[in-house]
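Chains as they are written, first to last, in my numbering: chain A, 5 to 325; chain B, 2 to 445.
Backbone N, C-alpha and C fix where the C-beta goes; we use that ideal spot for every residue, glycine too.
For clarity, every value in this text was computed on a predicted model and none was experimentally measured.
A short write-up of the structure that comes next.
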């Protein structure tokens, strides 16, 4: 209780101090001479946010970039960390896996989500059907990892299976399989978990976009004799292009940063590690902050173009409107 | 509508009263209320009104037991011990020492951390050093010594390398507990030929730490086969990790763990070791699907509730037997070290008490732990397993060594060694695994 009381007091003091600082800034801005008031106002109101940005984002980014060129003891070692990353078999597998993830997850999630959205569009019980697919979105990555780990669980032949998939395999007369152990397909089995989660997201956004395609256009195409595939290909797809890009890029960014699923299910063992997981392992467990920082930097560089592209597409769309 | 308004302050007072009761330090002592017999504490002097702050990794019930174990000491000496336990100890202790805000006394969970802090610590007072000479074996004192200076007395201990089995199964089948490693291998073969169950079950899955139970196996075999000197050199990297003697120990372990006829009872083939959680891995021993399971003394807590752990109970354990008896009866394990950042009289008195047989007896009496303190009366051990552990630790012939992976640099001991075990169970040859672990050893 004493502890909680102390914390509450600290929070109270912090809030009061914050209010006081803001009040002081406002007062000073208001008192500024008329000639420079605009400038002072801009600086006065942007400075707190800018300072927080610099302390919380820019400084760590610069620090991490510097760390990426140092060894475990913090002495600069040039590009050694990057050489390690692109030559050590273990690290190369990590990069390879990240590429597989980034190609497959957005593609599969979007294709499944789109197909589902099209097929259940205006179907009976559409809401329930949507909710079913969307539900995995509500589960945390760690939760999903734990669930699927149980689904993939393995017991040797002749022993009662505890994992659903292996129980099914045995029931139809197949040998049980070590889903999470056999490389390289184990990466695919991890990817399935991510697709399972992200399909719901893609489906909801794309379904809304499909409903936004003007009925007149579809009707006109049908009157012109277009078959359902041609309608879909030439009318629906162009109509939802913006949403497709948003879905693809959002999922791609989420996939590049994937960590929880891998860590929960295999902890990066059995050749399933990805960049984000390896970054954590190197920095916080292997005592190699330099290597961790180098991986973080590479991850940042991989995400950056996608974010830029995403922002540009959004801006173009706003201009069209 | 008047009563609720009236009730709020009343309730507040009530809550406050409860809080105060809960927070007030327990002064009753271990016995539960009656005044403590202070004759045993006269050596520590009187330090009325003085406070000693103690910081460690120990939390929850273990922390309460620890505080109970020194309650009488507090009452008789007048010292108030301010205890703080935190799971973040390992990172926080360095931060606090650097910031000039260390505790008076820190209980280090492993020697590596103690060594890292040695420059900030005060050497142990002579009285403590003498007590450790008297009560502990030289092996133990060595772990509290950094560069020739003795800093910290050992506190409690845990014992690794037990082999768990079901006494009833052994009796039915006419199997005998092996006295040597060779006997254990012969027994393993007998069990496999018998066909009723696989001789061994194992599980190395432990999230990001997957592989660690395998490091315990290897350490046990290195210590027993190559002897304590080689073990020390191996841990300190005076010999390379891929030294032939280490590879030989891996191969010897592999005769069990990599043999599909010998593992993995109740779970499947050799590789299923990697996907079996370490806490569940012993279960087949109870279910009659496997005969033996190698795990530390804390396995006692992993059995389902109601399992009797005793020589005539549901499960019992024997120590992994010696390979070369001339190298002594070796055991691996762990324990805490009590080091001080101050050398005031009250801190010294506290250190002295912590190194004494009185503390060991008071704490062990409360159950759940053992100590390697020779002054500990084995009768105070609260369970059959604790009794066995105390006997092993106090046996003058016992060679005790700390869990090696805890002593190696983090890049090896909590990364590449674990990963190496995973690769090894997954089919990579011993030599290749040892080579790659050697390659990951930080250059200094």
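**Q.** Option in 117/A, 183/A, 314/A, 224/A with minimal Cα separation from residue 209/A
**A.** Within the first chain, the letter at position 205 stands for residue 209/A. Comparing Cα positions, the closest option is 117/A.
Q) Residues in the segment 177-188 of chain A with C-beta within 7 Å of chain B's C-beta atoms, listed in sequence order? A) Listed in sequence order: 182, 184, 185.
(Q) Does any residue of chain A have a CB that is nearer than 8 Å to the CB of residue 44/B? (A) Position 43 of the second chain holds residue 44/B. Interface criterion not met: the Cβ of residue 44/B is under 8 Å from no Cβ in chain A.
Q. Exposed or buried, which one is residue 214/A when buried takes at least 16 other CB atoms within 10 Å?
A. What you label residue 214/A is simply residue 210 of the first chain in a count that begins at 1. By the neighbour-count definition (other C-beta atoms within 10 Å, threshold 16), residue 214/A is a buried residue.
Q: For the beta strand (DSSP E) containing residue 291/B, list its first residue and its last residue.
A: Working through the second chain from its first residue, we reach residue 291/B at position 290. That run of the beta strand (DSSP E) goes 291-296.
Q) Whose C-beta lies closer than 8 Å to the C-beta of residue 155/A among residues of the same chain, with five residues either side of it excluded? A) Indexing the first chain from 1 puts residue 155/A at position 151. 167, 168, 169, listed in sequence order.
(Q) Can you pull out the residues from the segment 246-270 of chain B whose beta carbon lies closer than 8 Å to at least one beta carbon of chain A? (A) Closer than 8 Å at the C-beta level to chain A, one finds these residues of the segment 246-270 of chain B: 265, 267, 268, 269, 270.
Q) Under a Cβ-count criterion, where at least 16 other Cβ atoms within 10 Å of its own Cβ denotes burial, should residue 364/B be classed as buried or exposed? A) Locating residue 364/B in the second chain gives position 363, counting from the first residue. Result: buried.
**Q.** alpha helix (DSSP H) runs wholly inside the segment 264-338 of chain B, at least 4 long, in chain order
**A.** Fully enclosed alpha helix (DSSP H) runs of 4 or longer: 284-288.
Q) Nearest chain A C-beta to residue 228/B closer than 8 Å, yes or no? A) The count along the second chain starts at 1 and reaches residue 228/B at position 227. For residue 228/B, the answer is no, since every Cβ of chain A falls outside 8 Å of its Cβ.
Q) Of the residues that make up the segment 134-167 of chain A, which ones have a beta carbon closer than 8 Å to any beta carbon in chain B? A) Within the segment 134-167 of chain A, 157, 158, 159, 160, 161, 163 place their CB atoms closer than 8 Å to a CB of chain B, listed in sequence order.
Q) Which partner residues of residue 379/B appear in the DSSP bridge assignment? A) Within the second chain, the letter at position 378 stands for residue 379/B. Per DSSP, none; premise fails for residue 379/B.
Q | Minimum Cβ-Cβ distance from residue 264/A to chain B less than 8 Å | A | Taking the first chain and counting its residues from 1, one reaches residue 264/A at position 260. Contact of residue 264/A with chain B is not assigned, every C-beta pair being separated by 8 Å or more.
Q: Please go through the same chain and pick out, in chain order, the residues whose beta-carbon is closer than 8 Å to the beta-carbon of residue 315/A, but skip the five residues on each side of it.
A: Locating residue 315/A in the first chain gives position 311, counting from the first residue. Shown here for residue 315/A: not one same chain residue has a beta carbon closer than 8 Å to its own, the five before and five after excluded.
Q. Just reading off the beta strand (DSSP E) that residue 185/B is part of, what are its end residues?
A. As a first step, residue 185/B is located in the second chain; it is residue number 184 there, counting from the start. First-last for residue 185/B: 182-195, but that is the alpha helix (DSSP H), not the beta strand (DSSP E).
(Q) By the 7 Å beta-carbon criterion, what residues does the segment 179-213 of chain B contribute toward chain A? (A) From the segment 179-213 of chain B, only 208, 209, 211 have a Cβ closer than 7 Å to chain A.
Q) Which two residues bound the contiguous beta strand (DSSP E) that contains residue 157/B? A) Here the question's residue 157/B lines up with position 156 in the second chain. In this chain, the beta strand (DSSP E) harbouring residue 157/B covers 154-160.
Q: Pull out every residue of the segment 63-87 of chain B whose Cβ sits closer than 7 Å to any Cβ of chain A, in chain order.
A: Listed in sequence order: no entries.
Q: Please compile the residues from chain A whose C-beta is within a distance smaller than 8 Å of the C-beta of residue 443/B.
A: Locating residue 443/B in the second chain gives position 442, where the first residue counts as 1. Within chain A, the residues 76, 291 have their CB atoms less than 8 Å from the CB of residue 443/B, given in chain order.
(Q) Under 8 Å, Cβ to Cβ, is there at least one residue of chain A near residue 102/B? (A) Within the second chain, numbered from 1, the residue matching residue 102/B stands at position 101. Chain A places no beta carbon closer than 8 Å to that of residue 102/B, leaving this residue out of the contacts.
Q: Report the partner residues of residue 340/B according to the DSSP bridge assignment.
A: For the purposes of this step, residue 340/B is taken as the residue at position 339 of the second chain. 107/B.
Q: Note down the Cα distance separating residue 103/B from residue 95/B, rounded to an integer number of angstroms.
A: In the second chain, residue 103/B corresponds to position 102, counting from 1. In the second chain, residue 95/B corresponds to position 94, counting from 1. Their backbone Cα atoms lie some 9 Å apart in a straight line.
Q | Option in 245/B, 242/B, 280/B, 294/B with minimal Cα separation from residue 265/B | A | Sequence index remark: in the second chain, residue 265/B carries index 264 (1-based). Comparing Cα-Cα distances from residue 265/B to each of 245/B, 242/B, 280/B, 294/B, the minimum goes to 294/B.
Q) Taking 8 Å as the CB-CB limit, is residue 2/A close to chain B? A) Residue 2/A lies beyond the residue range present for chain A, which begins at 5 and ends at 325; the question has no answer from this structure.
Q) Under a CB-based cut-off of 8 Å, is residue 267/A close to chain B? A) In the first chain, the residue the question calls residue 267/A occupies position 263. Closer than 8 Å to some Cβ of chain B, the Cβ of residue 267/A qualifies, so yes.
Q. Can you name the residues of chain A whose CB is closer than 8 Å to the CB of residue 275/B?
A. The residue you call residue 275/B lines up with position 274 of the second chain. What residue 275/B touches in chain A: 185, 273, 274.
**Q.** Under 8 Å from the C-beta of residue 98/A: neighbouring residues of chain B
**A.** Translated into the one-based positions of the first chain, residue 98/A becomes position 94. Taking a Cβ-Cβ cut-off of 8 Å, residue 98/A has no neighbours in chain B, whose nearest Cβ is about 13 Å from it.
Q: With a floor of 3 residues, list each beta strand (DSSP E) that falls wholly inside the segment 72-116 of chain B, ordered by position along the chain.
A: Taking only runs of at least 3 residues, the beta strand (DSSP E) segments lying wholly in the segment 72-116 of chain B are 81-86, 106-109.
Q) Can the beta-carbon of residue 305/A be found closer than 8 Å to that of residue 199/A? A) On the first chain, residue 305/A is found 301 positions in, with the first residue counted as 1. On the first chain, residue 199/A is found 195 positions in, with the first residue counted as 1. Against a cut-off of 8 Å, the Cβ pair of residue 199/A and residue 305/A comes out as no contact.
**Q.** Rounded straight-line distance, which links the Cα of residue 65/B to that of residue 28/B
**A.** In the second chain, counting from the first residue as 1, residue 28/B sits at position 27. In the second chain, counting from the first residue as 1, residue 65/B sits at position 64. Because residue 28/B carries a pLDDT of 40, less than 50, the predicted location of this residue cannot be relied on, and no value is offered for it.
Q) Are the segment 123-139 of chain B and the segment 338-355 of chain B touching by the rule of at least three beta carbon pairs closer than 8 Å? A) Yes, since at least three Cβ pairs between the segment 123-139 of chain B and the segment 338-355 of chain B fall closer than 8 Å, the two stretches touch.
Q: Label residue 323/A either buried or exposed according to how many other C-beta atoms from any shown protein chain fall within 10 Å of its C-beta, with 16 as the threshold for buried.
A: Your numbering for residue 323/A matches position 319 in the first chain. Exposed, because fewer than 16 other Cβ atoms sit within 10 Å of the Cβ of residue 323/A.
(Q) Taking the straight line between their C-alpha atoms, what separation do you get for residue 251/B and residue 180/B? (A) Here residue 251/B corresponds to residue number 250 of the second chain, with the count starting at 1. Here residue 180/B corresponds to residue number 179 of the second chain, with the count starting at 1. Residue 251/B and residue 180/B: Cα-Cα distance of roughly 21 Å.
Q) How many Å lie between residue 46/B and residue 79/B at the Cα? A) Counting from 1 along the second chain, the entry for residue 46/B is found at position 45. Counting from 1 along the second chain, the entry for residue 79/B is found at position 78. If you draw a straight line from the Cα of residue 46/B to the Cα of residue 79/B, it is about 9 Å long.
Q) Which one or two residues does DSSP pair with residue 22/A in a beta bridge? A) Reading the first chain from its first residue, position 18 is the one you call residue 22/A. Its beta-bridge partners do not exist; DSSP assigns none.
**Q.** Beta-carbon proximity list for residue 417/B, same chain, < 6 Å, skipping 5 on both sides
**A.** Counting from 1 along the second chain, the entry for residue 417/B is found at position 416. Closer than 6 Å at the Cβ level, and outside the excluded window around residue 417/B, lie 438, 441.
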